[in-house]
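First to last, the protein sequences are chains A and B.
In terms of the numbering used here, the first sequence opens at residue 1 and continues consecutively.
In terms of the numbering used here, the second sequence opens at residue 1001 and continues consecutively.
Where a beta carbon is used, it is the ideal one built from N, C-alpha and C, also for glycine.
Since we're looking at a predicted model, the values are computed, not measured.
Notes to accompany the following structure.
2 protein chains.
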Amino acid sequence: MFQIDHFGFLEDGTFKQRYLVADKHWHKPGGPILFYTGNEGDITWFCNNTGFMWEIAEELGAMLVFAEHRYYGESLPFGPDSYSDSKHLNYLTSEQALADFAVLIQDMKRTLPGAQHSPVIAIGGSYGGMLSAWFRMKYPNIVVGALAASAPIWQFPGMVPCGDFYKIVTQDFAKSGYNCDTNIRKSWKAIENVSSTASGLQWLSDEFSLCSPLKNMNEVTGFKNWLQETWVNLAMVDYPYEANFLQPLPPWPIQAVCKHLGLDSTVSDHQLLHGVAQAAKVYYNYTGSSSCLNTSQTATGSLGLLGWYYQACTEMVMPMCTDGVQDMFEPEEWNFQAFSDGCNFMFGVRPRADWAGTVYGGKDIASHSNIIFSNGGLDPWSAGGVTYNISSSLVSIVIPDGAHHLDLRYSNAHDPASVRAARELEVKYFRDWIKQAARAVSA
Amino acid sequence: MFQIDHFGFLEDGTFKQRYLVADKHWHKPGGPILFYTGNEGDITWFCNNTGFMWEIAEELGAMLVFAEHRYYGESLPFGPDSYSDSKHLNYLTSEQALADFAVLIQDMKRTLPGAQHSPVIAIGGSYGGMLSAWFRMKYPNIVVGALAASAPIWQFPGMVPCGDFYKIVTQDFAKSGYNCDTNIRKSWKAIENVSSTASGLQWLSDEFSLCSPLKNMNEVTGFKNWLQETWVNLAMVDYPYEANFLQPLPPWPIQAVCKHLGLDSTVSDHQLLHGVAQAAKVYYNYTGSSSCLNTSQTATGSLGLLGWYYQACTEMVMPMCTDGVQDMFEPEEWNFQAFSDGCNFMFGVRPRADWAGTVYGGKDIASHSNIIFSNGGLDPWSAGGVTYNISSSLVSIVIPDGAHHLDLRYSNAHDPASVRAARELEVKYFRDWIKQAARAVSA
Chain A
1 MFQIDHFGFL EDGTFKQRYL VADKHWHKPG GPILFYTGNE GDITWFCNNT
51 GFMWEIAEEL GAMLVFAEHR YYGESLPFGP DSYSDSKHLN YLTSEQALAD
101 FAVLIQDMKR TLPGAQHSPV IAIGGSYGGM LSAWFRMKYP NIVVGALAAS
151 APIWQFPGMV PCGDFYKIVT QDFAKSGYNC DTNIRKSWKA IENVSSTASG
201 LQWLSDEFSL CSPLKNMNEV TGFKNWLQET WVNLAMVDYP YEANFLQPLP
251 PWPIQAVCKH LGLDSTVSDH QLLHGVAQAA KVYYNYTGSS SCLNTSQTAT
301 GSLGLLGWYY QACTEMVMPM CTDGVQDMFE PEEWNFQAFS DGCNFMFGVR
351 PRADWAGTVY GGKDIASHSN IIFSNGGLDP WSAGGVTYNI SSSLVSIVIP
401 DGAHHLDLRY SNAHDPASVR AARELEVKYF RDWIKQAARA VSA
Chain B
1001 MFQIDHFGFL EDGTFKQRYL VADKHWHKPG GPILFYTGNE GDITWFCNNT
1051 GFMWEIAEEL GAMLVFAEHR YYGESLPFGP DSYSDSKHLN YLTSEQALAD
1101 FAVLIQDMKR TLPGAQHSPV IAIGGSYGGM LSAWFRMKYP NIVVGALAAS
1151 APIWQFPGMV PCGDFYKIVT QDFAKSGYNC DTNIRKSWKA IENVSSTASG
1201 LQWLSDEFSL CSPLKNMNEV TGFKNWLQET WVNLAMVDYP YEANFLQPLP
1251 PWPIQAVCKH LGLDSTVSDH QLLHGVAQAA KVYYNYTGSS SCLNTSQTAT
1301 GSLGLLGWYY QACTEMVMPM CTDGVQDMFE PEEWNFQAFS DGCNFMFGVR
1351 PRADWAGTVY GGKDIASHSN IIFSNGGLDP WSAGGVTYNI SSSLVSIVIP
1401 DGAHHLDLRY SNAHDPASVR AARELEVKYF RDWIKQAARA VSA
């Protein structure tokens, strides 16, 4: 049972936070605890997609704990009312989530025989990786170190150029097939052209096998956003083997996508969009089981999108922009005011652009210690990640052939050498931290 | 203008925080900023009682900033309603105060010409010293180091013995005059004896020149608490020269007090209490201007007592106990449940005993850096302070002849050598931190 509000005393309610424990290989007393700092979704899904922890538990004699983030999965502070309005959503913040993790670990250490002196290592990917880095920064008394995999802790206002994210997406497509990025860049105009007539809209809907056919030009904007998100998701999950993270996909899915986009500059709009449709179906219908494509969803339902929108609309303000030149998307500037207005309309709250930088240190984090920032060279989120060593104990591991937190996944025969080396190095750091902690306890 | 709630987005109101700036000696651009992290009271009072900062401003080319803590002085988030109920008090927490300080400094660096690269050093005493230590721990991106003077960051459940505080008070009296602690220890029973009759109550009230005479035995408990607090306050302000911090007092006021308590064991209850009354008047009427003694107040009105009670009733849970053997007070155990019930009765909130330790690290703070913990050997608050070096950059300075943050006061011809040395060492560390920061900026 955890406080709904760690930072105020008026709301004294508690809620049940879900966490999963695997102690089969735990050496007690004192064996380490690998603690997954859950992100915006169902913790069982993250648990199943973090094979790395399962694979190293035995050699480290470690207990595994996967803690669900409040407001996601089954960890709903107000049950079914948790998302009912901004009053109930008020306790959905990263600070509250970190406090949940801290209190959970303190409770385990107090109550679980053999855990009192167990060093705890935070592990997380993506937003969960940001949380594990911040957890070590804010609660070094609770965790001896953190692996922040694909954690864009610098994707905040004023820290990195807003266009880098989409540049990396574009590079992934550019190097995965002839003319692949060029044809996606051309496709937006082709969609506009074809959509200008009712028959064109119908053709486009048929070609993409849309579950809900496009009815007018207004819906075309949503259709383009959906396509754009599709390409982004592909860049995130461009893994070297068949996998099912956001969707079931073939090995190197962008190469598979680009096979349909290797068209010459002479093709017609219809020919081009036929290729785009085939490409999209690689993502949405690799298994062949989809009878139609649903533009209201781009990834697994295990992610809590509404909660994440709220977080983006409050603390997690991540500027993104495109120029259509260095990237393959339609030009769009970052417009904070418009974003804020949208947030106010949707949730009745306004984002605080500078808060994350103030509270989590922005680029001034050199005084912290024992954090590994791992990033994949293919992953667009590496644009906001830490990709150089800040100090001898704030280290970066770059996996050139890696997409979004590839290192956290189960090992695979098709893993590139870079991710094998990354995982080895990560375990080496874990051992170092565990040793440091043992020395501190015995001192 | 600052957010009333830094940790939630439903309450989007702002308030005016007061802060005082002195930039006469500031070397701009880039000269350091000495930032006083205001505690539970009017900031002008702290400003006037922190002469150390004024005296070193010139040699460091520093700007001075004194920031008032929310809910104290004029920094009231809801104006006159701020204390009206637990709903309005909900934003009175140390975390919110630290966030105010962080946002204030970030704003100054953005808007004040020449301040962008100024290293900021946090300085505070007592609760303000706890805040400056925690400020460096939680926001090392904002402050390069902290001087935490007489900051009892370990006066929390499970960290230090609850009786140490009163033991130190007792030692101060024991060494300041013959039989001084012994007679105070005896006085509690004498008060009980004398108070058992109406004429005795009247005599006691007259002897102590009480503004409101004691009417019954129930009031005697309050009277004894007031006396106990008087002795504690004397221990805090046992300065070597005439001073006016909590009250106007002579040099070494405990010695002056003990002059009235050097009585032999043969004295009667009335003779003993006559001495105690004379002793109390050293504290309450050194200037001779008080016509009567007011048992509802023990110190300056510049402290915000109600706010501090609320903080003690929420986060700042500081166990205290007495045994009457190793200290000179009536035995009283620490009773968390009774304390919690009192808090619930008074404010409608309950304290969270473990939270401060979880959020601020308790005794596991070794991974932080650049904090000086200074403590006076005479100061009872040193019982909960850091009085040994934790690492090469988490250092302790003990001032054996010092009372409560003597080092922060203006220098004085009667200063003991230990406090002179302490101040010198503190400035040396400040210079080191400033140099470190300059290297980081130019790197």
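8 Å contact criterion, which residue i and residue j should meet: CB distance rounded
{"i": "residue 318 of chain A", "j": "residue 156 of chain A", "result": "6 Å"}
{"i": "residue 112 of chain A", "j": "residue 132 of chain A", "result": "That pair is no contact at about 21 Å."}
{"i": "residue 255 of chain A", "j": "residue 177 of chain A", "result": "6 Å"}
{"i": "residue 8 of chain A", "j": "residue 1090 of chain B", "result": "5 Å"}
{"i": "residue 152 of chain A", "j": "residue 385 of chain A", "result": "5 Å"}
{"i": "residue 1145 of chain B", "j": "residue 1429 of chain B", "result": "7 Å"}
{"i": "residue 1401 of chain B", "j": "residue 1418 of chain B", "result": "5 Å"}
{"i": "residue 1072 of chain B", "j": "residue 1042 of chain B", "result": "7 Å"}
{"i": "residue 180 of chain A", "j": "residue 261 of chain A", "result": "5 Å"}
{"i": "residue 128 of chain A", "j": "residue 46 of chain A", "result": "7 Å"}
{"i": "residue 1383 of chain B", "j": "residue 1168 of chain B", "result": "6 Å"}
{"i": "residue 1142 of chain B", "j": "residue 1184 of chain B", "result": "No, residue 1142 of chain B and residue 1184 of chain B are not in contact; Cβ-Cβ is about 45 Å, not under 8 Å."}
{"i": "residue 1220 of chain B", "j": "residue 1214 of chain B", "result": "6 Å"}
{"i": "residue 1280 of chain B", "j": "residue 1293 of chain B", "result": "7 Å"}
Residue closest to residue i, alpha-carbon to alpha-carbon, out of the options
{"i": "residue 287 of chain A", "options": "A:242, A:31 and A:270", "result": "A:242"}
{"i": "residue 1374 of chain B", "options": "B:1078, B:1404 and B:1054", "result": "B:1404"}
{"i": "residue 1259 of chain B", "options": "B:1334, B:1197, B:1173 and B:1266", "result": "B:1173"}
{"i": "residue 1234 of chain B", "options": "B:1335, B:1214 and B:1252", "result": "B:1252"}
{"i": "residue 313 of chain A", "options": "A:168, A:355 and A:192", "result": "A:355"}
{"i": "residue 349 of chain A", "options": "A:86, A:107, A:19 and A:308", "result": "A:86"}
{"i": "residue 28 of chain A", "options": "A:119, A:104 and A:94", "result": "A:119"}
{"i": "residue 1116 of chain B", "options": "B:1031, B:1124 and B:1092", "result": "B:1031"}
{"i": "residue 1122 of chain B", "options": "B:1435, B:1136, B:1289 and B:1109", "result": "B:1136"}
{"i": "residue 114 of chain A", "options": "A:62, A:52 and A:249", "result": "A:62"}
{"i": "residue 1335 of chain B", "options": "B:1353, B:1093, B:1006 and B:1325", "result": "B:1353"}
{"i": "residue 480 of chain A", "options": "A:397, A:34 and A:434", "result": "Within the shown structure, residues of chain A are numbered from 1 to 443, placing residue 480 of chain A beyond reach of any answer."}
{"i": "residue 329 of chain A", "options": "A:52, A:392, A:190 and A:14", "result": "A:190"}
{"i": "residue 24 of chain A", "options": "A:79, A:54 and A:13", "result": "A:54"}
{"i": "residue 1170 of chain B", "options": "B:1380, B:1394, B:1441 and B:1013", "result": "B:1380"}
{"i": "residue 440 of chain A", "options": "B:1364, B:1370 and B:1435", "result": "B:1364"}
{"i": "residue 3 of chain A", "options": "A:51, A:48 and A:98", "result": "A:98"}
Bridge partner(s) assigned by DSSP for residue i
{"i": "residue 1015 of chain B", "result": "B:1002"}
{"i": "residue 124 of chain A", "result": "A:148"}
{"i": "residue 397 of chain A", "result": "A:374"}
{"i": "residue 41 of chain A", "result": "A:303"}
{"i": "residue 332 of chain A", "result": "A:322"}
{"i": "residue 33 of chain A", "result": "A:63 and A:120"}
{"i": "residue 1243 of chain B", "result": "B:1249"}
{"i": "residue 293 of chain A", "result": "A:210"}
{"i": "residue 1204 of chain B", "result": "DSSP, once it has assigned bridges, lists no residue as partnering residue 1204 of chain B."}
{"i": "residue 22 of chain A", "result": "A:64"}
{"i": "residue 391 of chain A", "result": "A:394"}
Cβ-heavy atom distance, residue i to the ligand ATP, below 8 Å
{"i": "residue 89 of chain A", "result": "Absence of the ligand ATP from the depicted structure is noted, as is the absence of any ligand whatsoever, leaving it without description."}
Under 8 Å from the C-beta of residue i: neighbouring residues of chain E
{"i": "residue 91 of chain A", "result": "Looking for chain E here will not work: the only protein chains present are A and B."}
The stretch 4-26 of chain A: which residues have C-beta closer than 9 Å to a C-beta of chain B, in chain order?
-> Residues of the stretch 4-26 of chain A with a C-beta atom less than 9 Å from some C-beta of chain B are 5, 6, 7, 8, 9, 10, 11 and 12, listed in chain order.
The stretch 37-44 of chain A / the stretch 64-74 of chain A touching (three or more Cβ pairs under 8 Å) | Cβ pair count under 8 Å is three or more, so yes.
Interface positions of the stretch 1346-1378 of chain B facing chain A (Cβ-Cβ less than 9 Å), listed along the chain | Cβ contacts with chain A come from 1347, 1348, 1349, 1350, 1351, 1352, 1354, 1355, 1357, 1358, 1359, 1360, 1361, 1362, 1363, 1364, 1365, 1366, 1367, 1368, 1369 and 1370.
Count the CB pairs spanning the stretch 220-240 of chain A and the stretch 284-302 of chain A that are closer than 8 Å, and state whether there are at least three.
-> Enough Cβ pairs lie closer than 8 Å, so yes.
What are the residues of the stretch 144-176 of chain A that lie near chain B, defined by any Cβ-Cβ distance shorter than 9 Å?
-> In summary, the residues of the stretch 144-176 of chain A whose CB is separated from some CB of chain B by less than 9 Å are 144, in the order they occur in the chain.
Segment contact, 8 Å Cβ cut-off, at least three pairs: the stretch 188-195 of chain A with the stretch 407-424 of chain A | No contact exists between the stretch 188-195 of chain A and the stretch 407-424 of chain A.
Output, in sequence order along the chain, the residues in the stretch 1070-1088 of chain B whose CB is closer than 8 Å to any CB in chain A.
-> The residues in question are 1086 and 1087.
Hey, is the stretch 1200-1218 of chain B in contact with the stretch 1264-1275 of chain B, meaning 3+ C-beta pairs nearer than 8 Å?
-> Taking 8 Å as the limit for Cβ pairs, the verdict is that the stretch 1264-1275 of chain B does touch the stretch 1200-1218 of chain B.
Residues, ordered as in the chain, of the stretch 310-338 of chain A that lie near chain B by beta-carbon distance below 7 Å | Taking 7 Å as the Cβ-Cβ cut-off against chain B, the residues of the stretch 310-338 of chain A that qualify are 314.
Below 8 Å between beta carbons is the criterion; list the residues of the stretch 1121-1143 of chain B that meet it against any residue of chain A, in chain order.
-> Look at the stretch 1121-1143 of chain B: the residues with a C-beta under 8 Å from a C-beta of chain A are 1138, 1139, 1140, 1141 and 1142.
Between the stretch 1102-1115 of chain B and chain A, which residues of the former have CB atoms less than 8 Å from a CB of the latter, in chain order?
-> Cβ contacts with chain A come from 1102, 1103 and 1106.
What residues in the stretch 428-443 of chain A have a beta carbon less than 9 Å from any beta carbon of chain B?
-> Sequence-ordered contacts of the stretch 428-443 of chain A with chain B read 440 [C-beta pairs closer than 9 Å].
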